[in-house]
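Protein sequences appear in the order of chains A and B. Per numbering that gives the first Met the number 0, the first sequence starts with residue 0, numbered consecutively. Per numbering that gives the first Met the number 0, the second sequence starts with residue 0, numbered consecutively. Even glycine gets a Cβ: it sits at the ideal position worked out from N, Cα and C.
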Amino acid sequence: MEWRPKIIVFTCNWCSYAGADLAGVSRLQMPPDFRIIRVMCSARVDPEFVLRAFQRGADGVMVAGCHPGDCHYIGGNYRTRRRMALLKLLLQQFGLNPKRFRLEWISAGEGQKFAEVIREFVDEIKKLGPSPYRQIKKEVRKHG
Amino acid sequence: MAKKKITLALKRGASCVGCDIAVVNFSEKLFELLEIADVVFSPTLIDVKYKDLEAMPDKSITIGLYHGAVRNSENAHLAEVMRKKCQVLIAYGACAHMGGIPGLANVSNREKIFETVYKKTFSTENPEGVYPQTEWKDEKGRTLTLPEFFDEVYALDDIVDVDYYVPACPPTHKMNMQILELIKAWVEGKAELPPKGTVIAEEKTLCDECPRNPGKEKNIKVDRIRYISEVNPDPDKCFLEQGILCLGPATRAGCGAPCIEANMPCRGCMGPTSRVMDQGGSMLSAIASILGIREDEIEISEEEIEKLVSQIKDPLGCFYRFSLPRSLLRRVVEDRR
Ligand code: SF4
Ligand code: SF4
Ligand code: SF4
Ligand code: FES
């Protein structure tokens, strides 16, 4: 059986979730390997959520929010982009391939962009294969 | 007082022994402790051997303090023996609580550590590439053994069930006094012990008890990161306000902020509060959110943001200095490139 990745996508309620919805209702083709978690603003995505997703065996994580200047809460995504940029450095130190983590700005009208980004992301993750943290999860159970 | 004395055992794992010294830091109150408790096992303080501990009846020791992380099978075995012999087992100090400084070895693994230590170091000559063996038979057929070096470092409760945690590297006098009060009240029948799993410290963050806290009215902004080696910190101003990384916002209060008092920023040895899953993630969020925020934010490009955050040189080492084995990801891995 072909290996299928598990990908978590956090989308903010006001732009990116609407963008994802548009991609859906426009019947744009997307691989079924991602799960969306809707949050009110991309700034609600605590870096802990991303770490937790990888700990639980996600092969890739994407955070999507409104374009800079468009955040419904004015400055939310300004925090998001700093946190996620630093988180990317941290994940690299943990040994993960930086391609496993993505930050994207997707507006409510960009259904097309959402579908493209998802297709590209799933493709990249498929090339990388399962996250090494899937294995770690098992080892910890063995000792602990 | 006719009441029987309780018994205490102190055992170290992968420890710098600083925590044994920290027990001495009960200072004159140590006598108060010794009035209610007899120390029956402590390789640092009295002449005892492992087999003495192993020979004691199960649950015969009232309270056991285990300090140090679990690095090898000897540490793990003794952790299990301590669990069996003690009614109450306390993880004492940052290493037992979260892996501590030895836990930073989780940026590597057994193979890489052995390679460095037994092959690559400048002073090593090892042409046959011999590594320590856990078992070896000499010519007379006698077997010698060494503990197994684990692939990663564990905190105490990864290995055995732990009743209480006393964080910090090492626990401070103030925290020792808190333990003493708890034990005394219990021995004298005045109070129950706290619920199992309690971290014997405060529930708030260090900033909350920090004398430099600028208060709620003030929004802290950091224009750029400054390292303590480059500047003379203002002794009255919050470190973060000065651009110096201080783990106060992501760290549990209760140590009494001795580092801040000595004009050193907090490195986070108390670990996170109970509301947080991951101390590093929490600190990352705190610092990134206030770094280089400007009025003309919209003009800042993503490349500039990358530059901004890369001023933080070693986020992993800095944010998980004491807690890597108890972080969500626990250890560094190798991924496909
Ligand atoms: S917590 Fe600190 S003082 Fe205690 S054993 Fe670990 S490194 Fe040493
Ligand atoms: S960041 Fe550090 S210096 Fe500032 S209030 Fe918190 S603990 Fe004190
Ligand atoms: S100030 Fe920070 S580093 Fe110093 S003892 Fe307290 S928690 Fe540990
Ligand atoms: S609401 Fe979309 S990023 Fe804040």
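{"Item": "A/Arg140 burial status per 10 Å Cβ neighbour count (16 or more: buried)", "Value": "With a pLDDT of 49 at A/Arg140, under the threshold of 50, the modelled position of that residue is not reliable, and no figure is offered here."}
{"Item": "Contact with chain B by A/Ile6, beta-carbon distance below 8 Å", "Value": "no"}
{"Item": "Contacts that A/Tyr132 makes with chain B (C-beta to C-beta distance below 8 Å)", "Value": "Leu328 and Val332"}
{"Item": "Buried or exposed by the 16-neighbour rule on C-beta atoms within 10 Å, applied to B/Phe121", "Value": "exposed"}
{"Item": "Cutoff 8 Å: A/Arg81 Cβ touching any chain B Cβ", "Value": "yes"}
{"Item": "B/Asn175 classed as buried or exposed, judged by whether at least 16 other C-beta atoms fall within 10 angstroms", "Value": "buried"}
{"Item": "Beta-carbon proximity list for B/Ile259, same chain, < 6 Å, skipping 5 on both sides", "Value": "Cys209"}
{"Item": "Proximal chain A residues relative to B/Pro314, where beta-carbon distance stays under 7 Å", "Value": "Leu85, Leu88, Leu89 and Gln92"}
{"Item": "Rounded C-alpha distance that separates A/Ala107 from B/Pro248", "Value": "35 Å"}
{"Item": "Between the CA atoms of B/Ala285 and A/Val116 - distance to the nearest angstrom", "Value": "29 Å"}
{"Item": "Contact set, ligand 1 heavy atom to C-beta under 6 Å", "Value": "B/Ser14, B/Cys15, B/Gly17, B/Cys18, B/His66, B/Gly67, B/Gly92, B/Ala93, B/Cys94, B/Gly99, B/Ile100, B/Cys168 and B/Pro169"}
{"Item": "Beta carbon proximity, A/Leu27 to chain C, threshold 8 Å", "Value": "Any reference to chain C falls outside this structure, whose protein chains are A and B."}
{"Item": "Per-residue contacts from B/Ile292 into chain A (C-beta, under 9 Å)", "Value": "Gly74, Tyr77, Arg78 and Arg81"}
{"Item": "Sequence ranges, beta strand (DSSP E) only - wholly within the segment 50-110 of chain A, length at least 3", "Value": "59-64 and 100-104"}
{"Item": "Proximity winner among B/His66, B/Thr61 and B/Ser26, relative to B/Pro42 (alpha-carbon distances)", "Value": "B/His66"}
{"Item": "Backbone secondary structure at B/Leu9 - three-state DSSP", "Value": "strand"}
{"Item": "Between the CA atoms of B/Lys119 and A/Leu90 - distance to the nearest angstrom", "Value": "28 Å"}
{"Item": "CB contact flag (B/Cys94, B/Ser14, <8 Å)", "Value": "yes"}
{"Item": "Proximal residues to A/Lys87 (C-beta, below 7 Å), its chain only, five neighbours per side dropped", "Value": "Pro97 and Phe100"}
{"Item": "Nearest to B/Leu192 (by Cα), restricted to the options B/Tyr164, B/Asn262 and B/Gly140", "Value": "B/Tyr164"}
{"Item": "Interface partners of A/Phe100 on chain B, CB under 8 Å", "Value": "Within 8 Å Cβ-Cβ: nothing; A/Phe100 doesn't reach chain B, min ~11 Å."}
{"Item": "Residue-chain proximity (B/Gly280, chain A), Cβ-Cβ < 8 Å", "Value": "yes"}
{"Item": "Span separating the alpha-carbon of B/Arg223 from that of B/Met263", "Value": "18 Å"}
{"Item": "Residues from the segment 47-60 of chain A in contact with chain B, defined by Cβ distance under 7 Å", "Value": "Glu47, Leu50, Arg51, Phe53 and Gln54"}
{"Item": "Rounded Cβ spacing between B/Pro232 and B/Arg251 (contact assumed at less than 8 Å)", "Value": "The Cβ separation is near 23 Å, so there is no contact."}
{"Item": "Rounded straight-line distance, which links the Cα of A/Phe113 to that of A/Ser15", "Value": "8 Å"}
{"Item": "Neighbour list for B/Glu305 in chain A, Cβ cutoff strictly below 7 Å", "Value": "Ala84"}
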